[in-house]
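Number of protein chains: 2
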Amino acid sequence: MTTPVLPDILLNPRSVAVIGASDDPARIGGRPIAAMLQLGFAGRILPVNPNRREVQGLPAYPAVADLPEVPDVAIVAVPAAQVLDVVTALGERGTRAAILFSAGFAEVGGDGVARQDELLAVARRTGMRLLGPNALGLINVHSGFVGSFASSIALGPVRAGGVGIVSQSGAYGGHLVMAAQAADIGLSSIVMTGNEADISLGEVVRLLVEDPRTGVIALYSEGIHDGDGLVAALQAARQARKPVVMMKVGRSEVGGAAARSHTASIAGDDAVVDTVLAELGVVRARSTEEMLDIVRLATRGIYPADNTLGVITVSGGAGVIVSDAAEELGLPMPAMPAATQARLLELLPICAPRNPVDTTAQFVNDLSLIRPFTEAMVSDGGYRSVLGFFTYAGATPAVAPTLREQLSRVRERYPDRLYVLVLQGPREVLRTYEEAGFTVFEDPTRAVTAIAAMGRFGRAFAARDVLPPPAVRAVSLPAATPSEAQAKQILAEAGIACVPERACELAESAVLAAREFGFPVVLKILSPDILHKSEIGGVLLDVRDEDAVREGFAILTARARQAVPGARIEGVLVARQVSGGVECIMGIKRDPVFGPIAMFGLGGVFVEVLRDVVFHRCPFGEDVAEKLIRSIRGAPLLLGARGRPVADIAALASTLSRLSAFAVAAGPRLQAVDLNPVFAMPAGQGAFAADAVIEVDPLPSASR
Amino acid sequence: MTTPVLPDILLNPRSVAVIGASDDPARIGGRPIAAMLQLGFAGRILPVNPNRREVQGLPAYPAVADLPEVPDVAIVAVPAAQVLDVVTALGERGTRAAILFSAGFAEVGGDGVARQDELLAVARRTGMRLLGPNALGLINVHSGFVGSFASSIALGPVRAGGVGIVSQSGAYGGHLVMAAQAADIGLSSIVMTGNEADISLGEVVRLLVEDPRTGVIALYSEGIHDGDGLVAALQAARQARKPVVMMKVGRSEVGGAAARSHTASIAGDDAVVDTVLAELGVVRARSTEEMLDIVRLATRGIYPADNTLGVITVSGGAGVIVSDAAEELGLPMPAMPAATQARLLELLPICAPRNPVDTTAQFVNDLSLIRPFTEAMVSDGGYRSVLGFFTYAGATPAVAPTLREQLSRVRERYPDRLYVLVLQGPREVLRTYEEAGFTVFEDPTRAVTAIAAMGRFGRAFAARDVLPPPAVRAVSLPAATPSEAQAKQILAEAGIACVPERACELAESAVLAAREFGFPVVLKILSPDILHKSEIGGVLLDVRDEDAVREGFAILTARARQAVPGARIEGVLVARQVSGGVECIMGIKRDPVFGPIAMFGLGGVFVEVLRDVVFHRCPFGEDVAEKLIRSIRGAPLLLGARGRPVADIAALASTLSRLSAFAVAAGPRLQAVDLNPVFAMPAGQGAFAADAVIEVDPLPSASR
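If you read the sequences in order, they're chains H and E. For the first sequence, UniProt numbering assigns the number 1 to the initial residue and increments by one for each residue that follows. For the second sequence, UniProt numbering assigns the number 1 to the initial residue and increments by one for each residue that follows.
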């Protein structure tokens with residue numbers, strides 16, 4: 001039973017049945033009809049109501065069976081107990097999709113879960129797709145198709161435009177719509193997904209990516225059910241150059257269940273969300289206001305991959321505020337060319353021509369300066385984004401018409417730049433600038449945040465194919481969590497180098513191994529039942545001679561027996577003691593949403609105390625791995641800080657990317673990998689895992 | 001020549017002379033008069049203009065000498081070349097203060113600096129205080145006294161209220177005023193300080209602290225000239241329970257000159273500003289919008305020291321957004337009592353009664369639930385702050401009147417709580433809530449940020465006296481930067497313990513010292529001309545026997561001679577080699593604004609790579625020192641992380657606070673102290689500086 005492709009007809013039905021249709025436009029079953037009538041929806045509306053011949057002036061039908069045609073989409077607004085019958089009837093008649101307003105399913109727990117499963121079974125059997133249940137539904141602003149009972153639709157028509165809103169929350173979706181209205185943001189479609197029994201967040205995003213009316217997507221999410229689907233949709237958005245701004249809330253909830261291995265315990269799932277969104281070029285907004293600011297500027301359709309900011313301001317103070325914010329966001333503000341600076345100083349001796357270009361209030365007194373100054377910034381400065389701070393002066397009747405006209409001439413000549421103005425004043429004056437192609441903010445810091453986001457979209461859209469992940473042979477995981485030696489063997493087959501070592505069942509073979517590797521050596525207890533050896537004193541460092549090896553063998557086996565009675569003890573692992581490298585840590589944890597996630601950090605106090613680690617979705621190539629390694633705060637320790645040798649970054653990157661490929665090849669039974677430490681040796685000398693733990697879901701037959 | 005106290009008459013003059021008065025209300029010399037006439041300023045306005053008998057309907061006088069009375073305050077709007085004569089005439093007649101609009105002084109450099117110095121000399125001689133020059137001046141909104149030519153005043157009267165604005169930037173001050181207007185924030189006084197030749201930012205803040213009409217202060221600063229004065233004013237504000245919100249811009253500029261010592265090079269001056277403002281209970285805003293949000297809520301006058309947040313919401317999503325933001329800002333959201341939760345569930349079975357209390361949209365359908373729910377939160381939940389998320393529903397005609405009335409009854413019964421609503425809708429509807437005592441935000445995240453700030457004010461106002469700094473005997477610094485041994489001697493007198501060591505002129509006395517301390521020892525070159533010994537190989541660790549001491553003595557003196565030819569070599573320092581402690585670093589740097597600043601961090605990679613350091617203005621007691629020590633990211637290493645011994649925090653704190661007291665006692669010639677490392681031994685075993693550098697400004701006679 002595979003999931004049928006979501007038809008775009010969900011967004012653009014030619015005919016809509018409303019089951020539970022009401023004559024009262026204020027009732028849930030009446031609202032969509034009233035709204036569609038008001039908005040002039042051109043499709044056929046087919047009310048179903050057993051008690052009325054007519055609903056809101058439209059002919060009504062007693063039941064689904066009585067409908068004169070198979071509707072493209074049905075809206076279901078009946079009590080929970082009737083939903084299954086209605087959905088069955090709709091599906092069997094061949095309806096393509098149903099929007100289920102009705103509540104009382106998985107969200108109430110208990111029986112509701114089973115009722116929802118029944119709905120899904122019917123949907124799969126009949127090939128009909130379901131939005132919801134417990135969904136506030138969807139609105140196509142352009143066509144006037146309203147498959148929603150949101151109370152906000154009663155407040156008047158929504159301004160049409162290019163922004164699609166997808167929200168898992170109905171109530172917050174309504175808030176977003178009203179906030180977008182207040183900000184003059186035009187909307188294409190609004191989809192509120194409810195319980196997502198069938199149609200997932202990712203499918204809805206994909207629908208909007210393919211919708212020609214949607215250019216920018218605002219996404220509000222409380223929990224992602226289908227990570228792969230969302231990732232695919234976001235990749236499609238990037239491919240289509242449609243920016244996605246996302247609020248993923250619930251940062252403060254830490255997925256506790258996944259904390260089994262040491263690696264997994266280091267950071268909560270939110271860090272994974274961050275890394276996945278960053279990888280896909282999605283800008284994660286910290287607040288609704290920030291989301292809408294970014295969305296609003298994104299509707300200009302200009303996403304400079306090589307974003308730079310030029311600032312022209314009537315206030316030196318505003319210039320400093322903007323510079324602070326730009327530096328914090330990594331948005332470069334290069335200086336104007338020296339010759340241009342000299343020219344501007346001739347035009348206006350009291351100006352500061354570097355960047356920010358501070359014209360002082362003198363600018364407002366001589367409006368003829370506006371065009372040469374702004375044009376100099378765009379042409380000579382070459383800035384991809386220009387921010388003009390004109391505050392309330394720019395909105396006064398004496399200034400506004402000329403300022404707008406002068407700026408417009410620059411914009412017409414250089415239409416590929418982002419033009420943002422910071423103004424204070426009456427809404428109707430600010431709108432004249434918006435209509436002339438300038439995006440207006442009242443706060444300079446918010447303006448910079450939005451400008452910086454456009455560059456992030458641009459870089460994501462421009463990103464060329466990166467190196468492919470390394471090829472890894474098919475991995476066959478053991479039936480249960482393997483011993484350290486087995487784990488290293490498995491990893492070695494994936495091309496991950498380990499410190500030379502040997503599993504020794506007897507003390508005398510340990511002595512032989514130590515002699516071969518050279519002293520000092522490290523001894524570790526070898527048991528599939530003891531994962532974290534150091535916690536039971538199962539590791540001895542600095543074992544300096546043969547007698548010490550014999551003694552150590554005895555100590556370790558005794559400690560293991562005492563700490564884990566009944567543990568299977570397979571002997572002792574003898575390893576060469578590596579020195580001169582930087583201790584790193586690498587790992588894999590399986591994220592419940594996004595699958596295997598690789599982790600890298602420096603070892604010891606860095607990972608334990610400072611949590612200086614980075615994550616990335618698997619798999620990835622060496623170039624991505626190297627970027628990750630260089631992005632940790634402690635990276636200078638690998639790069640030769642304070643006279644240290646430079647570490648073998650290439651070998652580290654190779655190991656990390658191989659680990660990521662291994663994690664994918666190993667499949668969903670792989671729960672975690674923990675390589676701690678990995679010694680990054682000086683450049684050219686490689687990187688070696690000195691300890692390895694692989695955790696797997698045991699096969700049923702292997703469970704003890 | 002001491003600075004006379006700034007008279008509050010500057011804000012409330014009974015008579016105002018305007019020198020360079022213009023009949024044209026649009027000209028700089030005309031604007032203040034026009035504005036005062038329009039606003040009904042009750043004091044006497046005395047225009048001075050040599051060419052007119054009348055200015056804007058008022059009798060005018062040819063010169064200062066002709067004025068019929070001594071004005072309390074004079075506004076000076078004449079060209080730079082005439083300012084000195086005018087100021088002299090005003091001062092000699094006994095004018096208390098002058099506001100100098102005129103530009104062309106220190107801000108243009110060169111001769112302008114000298115011209116400004118001349119003005120100041122006249123002011124000091126005559127006892128008249130100066131605001132400016134190059135100042136946009138001040139406005140007392142309540143009295144209608146306008147000593148400003150800000151163009152914004154031409155846009156209509158400013159709404160009167162309790163917020164004082166102080167801005168170093170004229171143009172940005174105007175932007176702030178207009179932004180405050182747009183946010184319905186009522187203002188008391190607006191002061192733009194210009195060049196601050198005489199009256200400083202701190203003095204203006206103090207003026208507003210003492211102004212009964214001002215309850216909240218918004219402060220915009222680009223550079224602080226008089227750190228002590230500002231600190232004193234901010235302390236007075238805290239004492240008077242007047243919250244101060246500050247934007248200190250220029251975060252991205254790092255004071256380069258102060259990077260002389262290792263300590264000083266670790267962080268820029270902005271970290272110092274952060275620590276000083278935090279100490280004084282000032283909330284530092286990241287943007288204008290954030291400043292005005294906080295200021296607006298602060299005008300309610302409720303600053304709960306034990307702030308907690310209760311959230312009541314019609315959207316579960318909004319509840320999550322608010323919870324995320326609250327956790328990030330450290331604002332607690334405790335759960336409702338279990339019994340109350342049960343009671344609320346009885347009232348509304350589909351609600352989530354914990355906190356956030358999610359009532360769902362059902363709430364809007366049954367408005368009688370509003371009061372019992374909100375009252376339960378305030379009384380049973382005991383929250384000091386309540387945030388209600390009602391979005392657009394709360395602003396609809398069907399809901400607004402009842403919601404407002406029900407909430408008002410709760411507020412009247414519990415008037416000491418902060419009530420914040422998140423609403424979307426027409427401005428006039430939102431105003432009805434504001435007038436009823438509820439502060440309205442359109443974005444939930446902004447609301448939480450403002451609420452959290454009220455708690456920070458509350459804690460600052462409630463803070464009781466902390467421990468006094470330790471008493472330190474008067475310090476007499478040497479004439480020039482001392483050797484390490486001298487430095488340690490000086491510090492020992494201030495009660496700062498150092499690792500046992502002895503200065504040895506000869507190799508054989510070094511051997512004797514080593515024998516006494518026990519091997520291994522550390523040898524260090526001893527020279528007042530070599531500050532950073534390790535950089536020239538001037539430190540030998542792990543010196544294990546007597547022969548090694550002799551050999552080391554020879555090596556060090558040879559290296560020193562080679563590295564710094566002509567250096568005065570006083571021998572070698574022999575020190576016990578300490579082991580088992582945690583390496584810390586402590587230091588002092590002299591901040592050009594705030595004087596001596598103490599620094600603490602962990603040593604080695606922590607300070608070098610991670611810059612994990614904290615700062616505090618000197619002096620301070622052991623309690624503050626301990627809080628600082630515990631606040632570094634790496635603090636777990638001192639507190640027994642992963643089985644380490646707990647370090648002697650008390651001894652560290654004592655050392656740090658003594659260092660802070662020493663820095664003050666040493667006076668302004670002390671440039672820097674660098675104790676690196678300081679060994680924090682296990683609890684009860686003390687903390688010892690193993691190396692000490694003291695840098696002093698040489699006395700003229702000591703310069704070489």
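Heads up, the beta-carbon is just placed ideally off N, CA and C, and yes, glycines get one too.
Where does residue i fall in DSSP's three states?
| i | result |
| --- | --- |
| Tyr414/H | coil |
| Ser261/E | Low per-residue confidence applies at Ser261/E: pLDDT is 32, beneath 50, and the placement is therefore not dependable, though the value from the model is reported in the following sentence. If DSSP states are grouped into helix, strand and coil, Ser261/E belongs with coil. |
| Val613/E | strand |
| Gly174/E | helix |
| Tyr383/H | coil |
| Val646/H | coil |
| Pro698/H | coil |
| residue 716/E | In the structure as shown, chain E begins at 1 and stops at 704. Residue 716/E is therefore absent and cannot be evaluated. |
| Asp226/H | coil |
| Glu253/E | Low local confidence applies: a pLDDT of 46 at Glu253/E is under 50, so the model's placement there is unreliable, and no value is given. |
| Glu608/H | helix |
| Ser151/E | helix |
| Ala663/E | helix |
| Phe101/H | coil |
| Leu6/H | coil |
| Ala274/H | It is worth fixing the name first, because residue 274/H is Asp in this sequence and not Ala. In this structure, Asp274/H counts as helix in the three-state DSSP scheme. |
| Ala267/E | With a pLDDT of 40 at Ala267/E, under the threshold of 50, the modelled position of this residue cannot be trusted; read the value that follows with caution. Three-state result, Ala267/E: coil. |
Along the chain, where does the beta strand (DSSP E) that runs through residue i open and close?
| i | result |
| --- | --- |
| Ser534/H | Neither: Ser534/H is in no beta strand (DSSP E) and is coded neither H nor E. |
| Lys524/E | 521–526 |
| Tyr220/E | 216–221 |
| Asn365/H | Taken as a continuous stretch (DSSP letters only), Asn365/H belongs to no beta strand (DSSP E), being part of the alpha helix (DSSP H) at 362–365. |
| Pro32/E | Note, Pro32/E: premise wrong, no beta strand (DSSP E); alpha helix (DSSP H) at 31–39. |
| Met246/E | 244–248 |
| Met599/E | 595–602 |
| Ile28/E | Here Ile28/E belongs to no beta strand (DSSP E), and DSSP marks it neither H nor E. |
| Ala575/E | 571–576 |
What residue range is occupied by the uninterrupted alpha helix (DSSP H) comprising residue i?
| i | result |
| --- | --- |
| Ile451/E | 444–462 |
| Asp591/H | Element bounds for Asp591/H: not the alpha helix (DSSP H) but the beta strand (DSSP E), 582–591. |
| Thr126/E | 111–126 |
| Ser15/H | Ser15/H -> not in any alpha helix (DSSP H); beta strand (DSSP E) instead, spanning 15–19. |
_Can you confirm whether the segment 613–632 of chain E touches the segment 653–661 of chain E when touching is taken to mean that 3 or more C-beta pairs between the two stretches lie within less than 8 angstroms?_
yes
*Hey, is the segment 428–438 of chain E in contact with the segment 311–326 of chain E, meaning 3+ C-beta pairs nearer than 8 angstroms?*
no
*Given a limit of 8 angstroms on CB to CB distance, which residues of the segment 174–201 of chain H reach chain E?*
Gly174, His175, Met178, Ala179, Ala182
_Contacting positions in the segment 440–454 of chain E - beta carbon closer than 8 angstroms to chain H_ = Glu442, Asp443, Pro444, Thr445, Arg446
*Considering only residues of the segment 180–212 of chain H, which uninterrupted beta strand (DSSP E) runs meet the minimum length of 3 residues and lie entirely inside it, listed in chain order?*
187–192, all fully within the segment 180–212 of chain H.
*In chain order, which beta strand (DSSP E) runs of at least 3 residues are fully inside the segment 63–95 of chain H?*
Correct list: 73–76.
*When Cβ atoms are compared, which residues of the segment 631–643 of chain H fall closer than 9 angstroms to chain E?*
Arg633, Gly634, Ala635, Pro636, Leu637, Ala641, Arg642
*Could you list the residues in the segment 644–657 of chain H with a C-beta less than 9 angstroms from some C-beta on chain E, going in chain order?*
none
_For a minimum of 4 consecutive residues, which ranges assigned as the alpha helix (DSSP H) are wholly contained in the segment 331–362 of chain H?_
338–347
*asked:* So if I threshold CB-CB distances at 7 angstroms, which residues from the segment 585–615 of chain H count as touching chain E?
replied: Val605, Glu608, Val609, Leu610
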